[in-house]
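For the sequence shown, position 80 (counting from the first letter as 1) is numbered 80 according to UniProt numbering, and the numbering increases by one without interruption.
Remarks on the structure that follows.
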Amino acid sequence: MSYKQNRAQPYIKKINLDNGKRIRKKPLKPCPNCKETIDCVKLVSNKVDKIEEIINNFKNLQKKKSDKFSIFKAKFTLNNVPCELEYDLSNFTLENLNKLSAVYTTQFYNTSRESSA
1 MSYKQNRAQP YIKKINLDNG KRIRKKPLKP CPNCKETIDC VKLVSNKVDK
51 IEEIINNFKN LQKKKSDKFS IFKAKFTLNN VPCELEYDLS NFTLENLNKL
101 SAVYTTQFYN TSRESSA
């Protein structure tokens, strides 16, 4: 028997004294050039954020305004009763829009001819 075989490993328990805390190093102080670079990056980042905000607001405003352009309101009298119709032109086909414009221009032309005569 050799000496190594007879000798048993002693019982060792490791004790952790830091209670699981991570050790953080203090951040290095940036040099003056780095400070200027950081300031420039922050400035550009703020400008880009403002531009993105303006673009998002503009996109929302465009939707609201475009809805107003697609609505056609027609006022007329039928048997001495005033009538009012509202068409949503965004759902119309090109053929239907063409027919509507033909009817409207014909009525406008006839009305203007009668009033000038």
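Don't be surprised by glycine CBs; every beta carbon is placed ideally from N, CA and C.
(message) So, for L97: in the same chain, excluding its five sequence neighbours on each side, which residues have a beta-carbon less than 7 Å away from its beta-carbon?
(response) Closer than 7 Å at the Cβ level, and outside the excluded window around L97, lie L89.
(request) Could you tell me the boundaries of the beta strand (DSSP E) in which F72 lies? (result) Note, F72: beta strand (DSSP E), I71 to L78.
(request) For the beta strand (DSSP E) holding L28, just list the boundary residues, first then last. (result) No beta strand (DSSP E) holds L28; DSSP gives it neither H nor E.
(message) Tell me which residue opens and which closes the beta strand (DSSP E) that L89 is part of.
(response) From DSSP, L89 is part of no beta strand (DSSP E); its letter is neither H nor E.
(request) Taking only the alpha-carbon atoms, compute the straight-line gap between T37 and E52 and give it to the nearest angstrom. (result) Going by the C-alpha atoms only, they are around 22 Å apart.
(request) Taking only the alpha-carbon atoms, compute the straight-line gap between T77 and E84 and give it to the nearest angstrom. (result) Linking T77 to E84 through their CA atoms gives a straight-line distance of about 8 Å.
(request) In angstroms with no decimal places, state the Cα-to-Cα distance between P82 and A74. (result) CA-to-CA, the gap between P82 and A74 works out to about 11 Å.
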